[in-house]
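Here is the structure we will look at.
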Amino acid sequence: MEAFRVIEGVAAPFMRENVDTDMIIPKQFLTTITRTGLGKGLFYDVRYEAQQQGSVFVLDEPRYKDACILVTGANFGCGSSREHAPWALLDAGYRCIIAPSFADIFYNNCFKNGMLPVALAKEDVASVASYVTSTEHPVITVDLPQQRLTLKARGESYPFSVDEGRKHGLLEGLDDIALTMRAGDAIDAFEEKDRQERPWLWSPQQSPKRSVAL
């Protein structure tokens, strides 16, 4: 997983509330279990609807073409638990999502995939959205070590909160499995001790390393 420390890039607005995971990545794209290639399906139905109406979907506007930060409405990522939603956003280049609130599963899936979801007060998100929509080159700096995002052209900044464990994982580029494997020696020591104290729980055929209790 790619580490996340400080990113600076263009932010794009998608100011809708209750954006569910089916809107983020529709069901017809869920035929893969790999994390790449889903960016083409990101917000597919909304894009198609805009094209049918002869308009351009906001994220396809030239000034947001290379955006890596998404500013959006409350309860982002609600609906199903599909992890394809953060995969699609990441594949399309987004590393940070700013919203007043997130659905819990989507929020946690972001951290597992190297993305930072930032929850701000609703009025602060509105101010950030105003900057993004009114500035020709709306660059935002997201500083995870300092837990602060800054609107570059205005110099305004906003502190944000993040769980220390999640923050550590992003800074080190470690998902849950990688964090667990860092405690490999402690796991081995526990297993060896448990094997001696409760041998009836362990199969004689099991390897003394990384084995699993029956």
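Those letters in the sequence shown? Residues -8 to 205, per this note's numbering, in order. For each residue, glycine too, the CB sits at the ideal point set by N, CA and C. Values in this document were obtained by computation on a predicted structure and should not be read as measured data.
Top-ranked residue by Cα proximity to residue i, from the options
{"i": "G156", "options": "K184, S71, L165 and K31", "result": "L165"}
{"i": "E(-7)", "options": "I96, A180 and A169", "result": "A169"}
{"i": "V153", "options": "R26, A144, L162 and V109", "result": "V109"}
{"i": "R(-4)", "options": "P91, R139, G30 and V130", "result": "R139"}
{"i": "L135", "options": "L162, H128 and Y35", "result": "L162"}
{"i": "A62", "options": "F93, G28, K18 and L21", "result": "Before going further, note that residue 62 is Val rather than Ala in the sequence given. Per the Cα distances, F93."}
{"i": "V123", "options": "A112, L142 and T171", "result": "L142"}
{"i": "I15", "options": "S118, A83, L33 and D179", "result": "L33"}
{"i": "A83", "options": "S118, E40, P91 and Y35", "result": "Y35"}
Beta-carbon proximity list for residue i, same chain, < 8 Å, skipping 5 on both sides
{"i": "D167", "result": "K103 and G160"}
{"i": "Y85", "result": "A58, C59, I60, L61 and M106"}
Spatial neighbours of residue i in its chain, beta-carbon cut-off 6 Å, leaving aside the 5 residues before and after
{"i": "G146", "result": "none"}
{"i": "N100", "result": "E74 and P77"}
{"i": "M6", "result": "G64 and A120"}
{"i": "T23", "result": "none"}
Cβ shell of residue i (< 7 Å), same chain only, five flanking positions each side left out
{"i": "L205", "result": "The pLDDT assigned to L205 is 44, lower than 50, so where the model puts this residue is not dependable; a value taken from the coordinates is nonetheless given after this. Here the set comprises L192, W193 and S194."}
CB-CB length for residue i against residue j, believed under 8 Å
{"i": "V133", "j": "A58", "result": "V133 to A58, Cβ: 13 Å. No contact."}
{"i": "I89", "j": "V116", "result": "6 Å"}
Report the residue ranges of all beta strand (DSSP E) runs contained in full by the region 27 to 107; include only those spanning at least 3 residues, in chain order. 60 to 63 and 87 to 90
Counting beta carbon pairs with one atom in the region 46 to 54 and one in the region 64 to 79, are three or more of them shorter than 8 Å? no
Say whether the region 76 to 87 touches the region 7 to 24, bearing in mind that this needs 3 or more beta-carbon pairs closer than 8 Å, one atom from each stretch. yes
Secondary structure, beta strand (DSSP E): runs of 3+ residues fully inside the region 124 to 177: 130 to 134, 139 to 142 and 147 to 150
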